[in-house]
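In what follows, a single structure is set out as structure tokens and then discussed.
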Ligand SMILES: C[S@@+](CC[C@H](N)C(=O)[O-])C[C@H]1O[C@@H](n2cnc3c(N)ncnc32)[C@H](O)[C@@H]1O
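Residue numbers (this note's numbering): -5 to 270.
Now the structure itself:
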């Protein structure tokens, strides 16, 4: 699995135009659209904004801190964190199109001075040691084979005592996963690990794990509500994750629901603290 395979999976080439079109269909313009309006398309993880609020709420973020969003995608959670906690956020992501589009979205909502997105890899970060006061990573680890290296890099760029929040889809039970899923069309770029594998990697590099939450119940409710909304709606919403998932969006959502219902996959939160 190469970085190019992963970023190719997430690249459409038409993302900004699709979001601009969705914003117009909402009756808004780049000058009037808000961070909340964009949340249905720029928070690419199970539970969207609600899930971001839940994990970020456990990191003790405060005004003026410099926070790292690992695998930020379009930076929706980064913009939300900047507004909610008054912090500065740097987002790092492998997919160039997400980074450039996300930076335009920062301009639209007037947050370009507090949120900066950069292209790069989570396993070789272009940052100084101890540069950040906290970090979080939402639905990214499923594309990263070397969890030890990932945790080592996050540990390096955090100051001692800083928190690292992870919200990833993790392996719970036995059995094959159904593909495509939102992070991978086929198993080649998918490395779904168990919570104990994340814990092991975190502890090995010098974190202590302080919280673990199984978000299975929350995710089942999220998918039931999504199904009900889709059944009632007259076509897709102007802004939604279908824009990011492309033509295979219905199969990806169906497979996610199936994998979670079968108990092979579950969204899990882990919160760790850098010892020292
Ligand atoms: C499902 S999306 C989640 C995006 C964002 N965290 C969110 O919740 O909206 C997964 C993201 O991880 C990024 N990614 C995958 N592997 C990465 C790596 N090695 N380094 C940085 N980003 C990576 C992808 O480019 C993609 O944007």
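Where a beta carbon is used, it is the ideal one built from N, C-alpha and C, also for glycine.
Q) By Cβ distance below 6 Å, which residues in the same chain neighbour residue 112 in space, the five residues on each side in sequence not counted? A) Looking up residue 112 in the chain shown gives position 118. 86, listed in sequence order.
Q. Should residue 37 be labelled buried (16 or more other beta-carbon atoms within 10 Å of its own) or exposed?
A. By one-based count along the chain shown, residue 37 stands at place 43. Buried is the call here.
Q | Rounded separation between residue 232 and residue 12 - CA only | A | What you label residue 232 is simply residue 238 of the chain shown in a count that begins at 1. What you label residue 12 is simply residue 18 of the chain shown in a count that begins at 1. So the alpha carbons of these two residues sit roughly 9 Å apart.
(Q) Using only CA atoms, which one of 218, 3, 146, 45 lies nearest to residue 252? (A) The count along the chain shown starts at 1 and reaches residue 252 at position 258. Among 218, 3, 146, 45, the Cα nearest to that of residue 252 belongs to 218.
Q. Taking all protein chains shown into account, do 16 or more other C-beta atoms lie within 10 angstroms of the C-beta of residue 213, making it buried, or fewer, making it exposed?
A. Taking the first residue of the chain shown as position 1, residue 213 is located at position 219. Buried, by the Cβ-count rule.
Q | Residue ranges of each alpha helix (DSSP H) within the region 162 to 250, 4 or longer | A | 189 to 199, 210 to 226, 236 to 239
Q) Where do the N-terminal and C-terminal ends of the alpha helix (DSSP H) with residue 121 fall, by residue? A) For the purposes of this step, residue 121 is taken as the residue at position 127 of the chain shown. Careful: residue 121 lies outside any alpha helix (DSSP H) and carries neither H nor E.
Q: State yes or no: is the C-beta of residue 32 within less than 8 Å of the C-beta of residue 99?
A: As a first step, residue 32 must be located in the chain shown, where it is residue number 38. As a first step, residue 99 must be located in the chain shown, where it is residue number 105. Cβ atoms of residue 32 and residue 99: closer than 8 Å.
Q.
Is it the case that the region 132 to 150 contacts the region 50 to 66, given that we only count it when at least three CB pairs across the two stretches are under 8 Å?
A. yes
(Q) Among the candidates 107, 1, 163, whose CA atom is the shortest distance from the CA of residue 88? (A) Within the chain shown, numbered from 1, the residue matching residue 88 stands at position 94. Comparing Cα positions, the closest option is 1.
Q. Do residue 26 and residue 68 have their CB atoms nearer than 8 Å?
A. Numbered from 1 along the chain shown, position 32 holds the residue referred to as residue 26. Numbered from 1 along the chain shown, position 74 holds the residue referred to as residue 68. Contact: no.
**Q.** Distance between residue 93 and residue 131 (C-alpha atoms, nearest Å)
**A.** To locate residue 131, count along the chain shown from 1; it is residue 137. To locate residue 93, count along the chain shown from 1; it is residue 99. Near 15 Å, if we compare the C-alpha coordinates of residue 93 and residue 131.
Q. Roughly how many angstroms separate the alpha carbons of residue 224 and residue 5, rounded to a whole number?
A. The residue labelled residue 224 in the question sits at position 230 within the chain shown. The residue labelled residue 5 in the question sits at position 11 within the chain shown. In a straight line, the C-alpha of residue 224 is about 25 Å away from that of residue 5.
Q: Could you tell me the boundaries of the beta strand (DSSP E) in which residue 261 lies?
A: Residue numbering aside, residue 261 sits at position 267 when the chain shown is read from its first letter. Taken as a continuous stretch (DSSP letters only), the beta strand (DSSP E) holding residue 261 covers 259 to 268.
Q) CB residue 157 to CB residue 265, shorter than 8 Å? A) Residue mapping note: residue 157 aligns to position 163 of the chain shown, counting from 1. Residue mapping note: residue 265 aligns to position 271 of the chain shown, counting from 1. Result yes, Cβ atoms of residue 157 and residue 265 sit closer than 8 Å.
(Q) For a test of your reading of the model: does the CB of residue 0 fall under 7 Å from any non-hydrogen atom of ligand 1? Yes or no. (A) Counted from its first residue, the chain shown places residue 0 at position 6. For ligand 1, at least one heavy atom lies less than 7 Å from the Cβ of residue 0.
Q: Write down the C-beta distance between residue 75 and residue 55 rounded to the nearest angstrom, noting that I regard them as a contact closer than 8 Å.
A: Taking the chain shown and counting its residues from 1, the one referred to as residue 75 is at position 81. Taking the chain shown and counting its residues from 1, the one referred to as residue 55 is at position 61. With 8 Å as the limit, residue 75 and residue 55 qualify as a contact, their Cβ atoms being about 7 Å apart.
Q.
I need the straight-line Cα distance from residue 103 to residue 235, nearest angstrom please.
A. Counting from 1 along the chain shown, the entry for residue 103 is found at position 109. Counting from 1 along the chain shown, the entry for residue 235 is found at position 241. Their backbone Cα atoms lie some 20 Å apart in a straight line.
Q) What are the boundary residues of the alpha helix (DSSP H) that includes residue 151? A) Start at 1 with the first residue of the chain shown, and residue 151 comes out as number 157. Counting along the chain, the alpha helix (DSSP H) containing residue 151 begins and ends at 141 to 151.
Q: From the DSSP output, read off the bridge partner residues of residue 129.
A: Here residue 129 refers to the residue found at position 135 when the chain shown is read from its first residue. Partner(s): 62, 158.
Q) Is residue 261 near residue 40, with beta carbons less than 8 Å apart? A) Reading the chain shown from its first residue, position 267 is the one you call residue 261. Reading the chain shown from its first residue, position 46 is the one you call residue 40. In this structure, residue 40 lies closer than 8 Å to residue 261 by Cβ.
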